[in-house]
Amino acid sequence: MLTLYDSPLSPFCRKVRMVMEYKKLPFEPVNESTAEEWGLFNRRAEIPILLHDDLVIINSADIVSYLDDAFPDFPVRPSDAKRRAAARAWERTADTLVDAIVTNMAIWTWADIGPRPEGLLKANQAEIRDVYNDLERDLGEEPFVCSKLSIADFALLPHLMAAWHLDLRCDKDRHPRVAGWLDRMRDHELCRADVERVRNWWKNRSTSTLETDKINWGTHRLELYLAQGFHERLLEDIRHNRMLWSAGPRRNSLRAFLK
Amino acid sequence: MTICLYGSPISTFARKVAVGLELKGLNYDFVDALTPDRREDLRKLNPRLEVPVLTDGDITVVNSSDILQYLDWNYPAKPLHPTNIGDRVAARAFERLGDQRFDTIVVDCSFWSWAERDDTPPPGLLEAAQKDLDETFERLERMLAARPKPWPFGAPGVVECAWFPNLAAMRTFGLALDAVRFPAASAWSKAIRTHPVFVLDSQRTLAFMRDLKHLTHERRRLFWSGDRIEWLMSRGFHQWLLGEVGAGRAVFPGG
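Those protein sequences? They're chains A and B, same order as listed.
Sequential numbering from 6 applies to the first sequence in my numbering.
Sequential numbering from 41 applies to the second sequence in my numbering.
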């Protein structure tokens, strides 16, 4: 029996859920759970968490590897060594860099922590342009990032769909292959189902208890924010008690942004 | 095909891969990629300017745990990951605990031993580190006590590779693994530190650290990545860290 602690709010959960659906695995999604429950399985109190009988697997990339090992049908990791290394590299770029760029911009659309610091949009636009350049190069004439549909596509998609709404779009003239890939992915039935779940979540948002006066920057998001020079603003947010830490005594509370 | 490891004896994650290659008995070339003159070569392989990077023919793999996974995938003899799938999940969880928690805390306390610094550790840093380490050791102890001795997964593998560099170094930085409180972890640590592959790596790093003052490696500005930033800040040492940033003594991946 497979159980997935899931949320349409987390790009990492969305990646794992799409992979499970692609692999045609029956599973029970747990959507209405709290960080207190997540803490029982993951000391960082982060989702996704996968339960398979008595095994607990955390961390989205490790869950995906586990699923491909335990259920080899419909693999999401390419079998060819070079493509496999490339797919994993893109998954890591999606999980660390692209997530940081997009989340660090998305925060200001829902959090109630004062105005977005000046220069943040420009810094992240430059950052994501490099990602689009690399993606344009790697797509070449292929329909998907590593030729066939793979974990690279599922990992990138939630972030790049969100980027579309955050002034972080790709330029269709400069990145025609990326734009074509995005259209192809959005047309896929798995992705349509994913978008539907996300839409429904935002539609019913008023009934949810998303905490908006504190944010959890998390590891890579924090690193990017500091690397871009926003340390003074960060210090201000810490002083005003606007921070949550996955690693600290004050863990994530209800539905804070998670990986 | 020739395997080449771009690493450095000062990098805990590069050492993790070096011992992994040696446990598997794979021949490889080694390049210390953290010298200033190799900076632009490293950037081409990994824009984050981090080691380790492994090249194997025309394949480039970045990130220590991805590299060890790649090696087991491409060279299945003498695997570093357990073959049983449940054990593999457990080993990966303890590899991650070593990489993201143990390494983070020990490295955050290491700067006053090797970097060029005019200050002492911020008050309370070592105490906070030891407290979090003890919690980490408790988890390690429980896992080790319930598994075969001396190697919990049958042979040295990813968990030993990940924990080894900091188990060997932590005492130098004023941190301890209490043998009375954590007997299984202490016995495991001793088994690792007396294994020939790990002994050889320790000797390389000791020789390197003795010469470090005369080498060109950056010792003034410290390199900060996500986990290490997060732990310091979550423990309330933001003032110190952000002071470092303000004073221009912090370097971030890629910068």
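Note that beta-carbon positions come from the ideal geometry of N, C-alpha and C, so glycine has one too.
Alpha carbon of residue i to alpha carbon of residue j, nearest angstrom
i, j, result
"residue 63 (chain A)", "residue 46 (chain A)", "8 angstroms"
"residue 95 (chain B)", "residue 203 (chain A)", "40 angstroms"
"residue 165 (chain B)", "residue 149 (chain B)", "7 angstroms"
"residue 189 (chain A)", "residue 238 (chain A)", "39 angstroms"
"residue 238 (chain B)", "residue 138 (chain B)", "16 angstroms"
"residue 18 (chain A)", "residue 50 (chain A)", "14 angstroms"
"residue 151 (chain B)", "residue 170 (chain B)", "16 angstroms"
"residue 41 (chain B)", "residue 50 (chain B)", "27 angstroms"
"residue 164 (chain A)", "residue 99 (chain A)", "7 angstroms"
"residue 91 (chain B)", "residue 256 (chain B)", "17 angstroms"
"residue 47 (chain B)", "residue 236 (chain B)", "20 angstroms"
"residue 178 (chain A)", "residue 221 (chain A)", "36 angstroms"
"residue 147 (chain A)", "residue 25 (chain A)", "24 angstroms"
"residue 73 (chain B)", "residue 79 (chain A)", "39 angstroms"
"residue 187 (chain B)", "residue 206 (chain B)", "22 angstroms"
"residue 55 (chain B)", "residue 241 (chain B)", "7 angstroms"
"residue 58 (chain B)", "residue 195 (chain B)", "17 angstroms"
"residue 240 (chain A)", "residue 111 (chain A)", "20 angstroms"
"residue 163 (chain B)", "residue 276 (chain B)", "11 angstroms"
"residue 159 (chain B)", "residue 287 (chain B)", "13 angstroms"
"residue 123 (chain A)", "residue 87 (chain A)", "41 angstroms"
"residue 55 (chain A)", "residue 36 (chain A)", "13 angstroms"
Contact check, residue i vs residue j, beta carbons under 8 angstroms
i, j, result
"residue 91 (chain A)", "residue 175 (chain A)", "no"
"residue 39 (chain B)", "residue 225 (chain B)", "Summary: the structure shown does not reach residue 39 (chain B), with chain B confined to residues 41 through 295, and so no result is reported for it."
"residue 21 (chain A)", "residue 69 (chain A)", "yes"
"residue 67 (chain A)", "residue 132 (chain B)", "yes"
"residue 147 (chain B)", "residue 75 (chain B)", "no"
"residue 71 (chain A)", "residue 195 (chain A)", "no"
"residue 107 (chain A)", "residue 184 (chain A)", "no"
"residue 70 (chain B)", "residue 111 (chain B)", "no"
"residue 192 (chain B)", "residue 183 (chain B)", "yes"
"residue 258 (chain B)", "residue 232 (chain B)", "no"
"residue 129 (chain A)", "residue 226 (chain A)", "no"
"residue 13 (chain B)", "residue 272 (chain B)", "There is no way to answer for residue 13 (chain B), as the model of chain B reaches only from 41 to 295."
"residue 104 (chain A)", "residue 125 (chain B)", "no"
"residue 121 (chain A)", "residue 115 (chain A)", "no"
"residue 89 (chain A)", "residue 113 (chain B)", "yes"
"residue 293 (chain B)", "residue 228 (chain A)", "yes"
"residue 36 (chain B)", "residue 156 (chain B)", "There is no way to answer for residue 36 (chain B), as the model of chain B reaches only from 41 to 295."
Classification of residue i by the beta-carbon crowding that lies within 10 angstroms, buried from 16 upward
i, result
"residue 279 (chain B)", "exposed"
"residue 143 (chain B)", "buried"
"residue 83 (chain B)", "exposed"
"residue 107 (chain B)", "buried"
"residue 155 (chain A)", "buried"
"residue 326 (chain B)", "No statement about residue 326 (chain B) is possible, as the shown extent of chain B runs from 41 to 295 and does not include it."
"residue 220 (chain B)", "exposed"
"residue 158 (chain A)", "buried"
"residue 180 (chain A)", "buried"
"residue 266 (chain B)", "buried"
"residue 210 (chain B)", "buried"
"residue 230 (chain B)", "exposed"
"residue 6 (chain A)", "exposed"
"residue 77 (chain B)", "exposed"
"residue 88 (chain B)", "buried"
"residue 104 (chain B)", "buried"
Whole-Å CB distance - residue i paired with residue j, under 8 angstroms assumed
i, j, result
"residue 154 (chain B)", "residue 61 (chain B)", "Actually they are not in contact, since the Cβ atoms of residue 154 (chain B) and residue 61 (chain B) sit about 24 angstroms apart, beyond 8 angstroms."
"residue 102 (chain A)", "residue 235 (chain A)", "The pair is not a contact, with the Cβ atoms about 16 angstroms apart (cut-off 8 angstroms)."
"residue 197 (chain B)", "residue 122 (chain B)", "7 angstroms"
"residue 13 (chain A)", "residue 206 (chain A)", "4 angstroms"
"residue 39 (chain A)", "residue 270 (chain B)", "Actually they are not in contact, since the Cβ atoms of residue 39 (chain A) and residue 270 (chain B) sit about 22 angstroms apart, beyond 8 angstroms."
"residue 31 (chain A)", "residue 9 (chain A)", "Contact flag wrong, Cβ pair sits at about 11 angstroms."
"residue 285 (chain B)", "residue 231 (chain A)", "6 angstroms"
"residue 210 (chain A)", "residue 118 (chain A)", "The Cβ separation is near 18 angstroms, so there is no contact."
"residue 274 (chain B)", "residue 250 (chain A)", "4 angstroms"
* At 4 residues or longer, and completely inside the segment 62–112 of chain A: list those alpha helix (DSSP H) runs for me, N to C. => If we require 4 residues or more, the alpha helix (DSSP H) runs fully inside the segment 62–112 of chain A come out as 65–75, 86–98.
* List in chain order: all unbroken alpha helix (DSSP H) runs of 4+ residues lying wholly within the segment 189–234 of chain B. => Listed in chain order, they are 198–209, 223–233.
* Residue ranges of each alpha helix (DSSP H) run of no fewer than 4 residues wholly in the segment 117–141 of chain B, ordered along the chain? -> The qualifying runs are 125–137.
* **Segments assigned beta strand (DSSP E), at least 3 residues, entirely inside the segment 48–79 of chain B** => DSSP runs (the beta strand (DSSP E)) wholly in the segment 48–79 of chain B: 69–72.
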